[in-house]
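Numbering (this note's numbering), first residue to last: 2 to 289.
Every residue, glycine too, gets a C-beta built ideally from N, C-alpha and C.
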């Protein structure tokens, strides 16, 4: 198996959004009180997994229409996001050739070649590009994540259904007990690709654990933390639905990341991570 770490543009946020810590207020995380000169540009990652049972894409990144000429475009992004309030919290840009469908084309692939699109959660920088891969065979998201997008004012700002209008999405239920709250979804029933619920940032947020035949694994922990230093120093992010669960999930990420079997543990927006390819033993055999 191979995991291709791809960058689909960048997102600009207040430094308190990714690294605000346990006592960060939502107002401070939003960046309203922080000059934009102090904001951070962070990568927006997606992951293409070459698996014996088919190609798997984890998240979709930005849609081309939010940066149509490959540069930062305020008007285009507000139109793509469908929310001026959301634009005020995070801005984005995506260079030409970096949209997920463009990168697939460079690899000689089309969205129809993708067996599964796995969405870790439905924030804009993870799901805005969904329509670019709508021809994938299966597009999947946790039932809890979909159920949580209309719970309150903050959620109605964070999530815009226009990103997936016309896209067929499948809701999955937990079929396993791995993770900080005992909720997981084993995609193939063999432990090779597992969606592990790491709630806090959002209700249905998932890490993706990819395990090879020798038991070694790669952990893609999405926005369970924003960088390696998040789990090393236990720095929670400023945007969350439940701080207690967020910290509990980050502790699980830390424990998994420190295991000797963990080859790499990757946050979606870690500025120290460059695009690269990770190889795992291709044949998975359960040993317990």
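- Residue 254 is positioned such that its CB atom lies no closer than 8 Å to that of residue 218.
- Separation of residue 2 and residue 163 (C-alpha to C-alpha, rounded to the nearest whole angstrom) is 34 Å.
- DSSP, reduced to helix, strand and coil, places residue 39 within a helical segment of the structure shown.
- DSSP places residue 184 in no beta strand (DSSP E); its state is neither H nor E.
- The DSSP assignment places complete beta strand (DSSP E) segments of no fewer than 3 residues inside the segment 246-286 at 263-267 and 277-280, in order along the chain.
- Residue 48 holds the alpha-carbon nearest to the alpha-carbon of residue 61 among 67, 55, 48 and 54.
- Under the DSSP definition of a beta bridge, residue 92 partners with 13.
- In the DSSP annotation of this structure, the continuous segment of the alpha helix (DSSP H) that includes residue 82 starts and ends at 75-82.
- Counting along the chain, the unbroken alpha helix (DSSP H) around residue 29 starts and ends at 27-31.
- Between residue 220 and residue 258, the C-beta gap is smaller than 8 Å, which places the two residues in contact.
- Taking C-alpha positions only, residue 165 is separated from residue 9 by approximately 18 Å.
- When the Cα atoms are used, residue 271 and residue 282 turn out to be separated by approximately 25 Å.
- In the three-state scheme derived from DSSP, where H, G and I count as helix and E and B as strand, residue 46 is classed as strand.
- In the three-state scheme derived from DSSP, where H, G and I count as helix and E and B as strand, residue 207 is classed as strand.
- Residue nearest to residue 216 within the set 264, 43 and 232 is 264 (criterion: CA-CA distance).
- The straight-line gap separating the alpha-carbon atoms of residue 115 and residue 134 is approximately 8 Å.
- Residue 189 sits in coil when the DSSP states are folded into three classes, being neither helix nor strand.
- A Cβ-Cβ contact shorter than 8 Å links residue 247 with residue 237.
- By the neighbour-count definition (other C-beta atoms within 10 Å, threshold 16), residue 30 is a buried residue.
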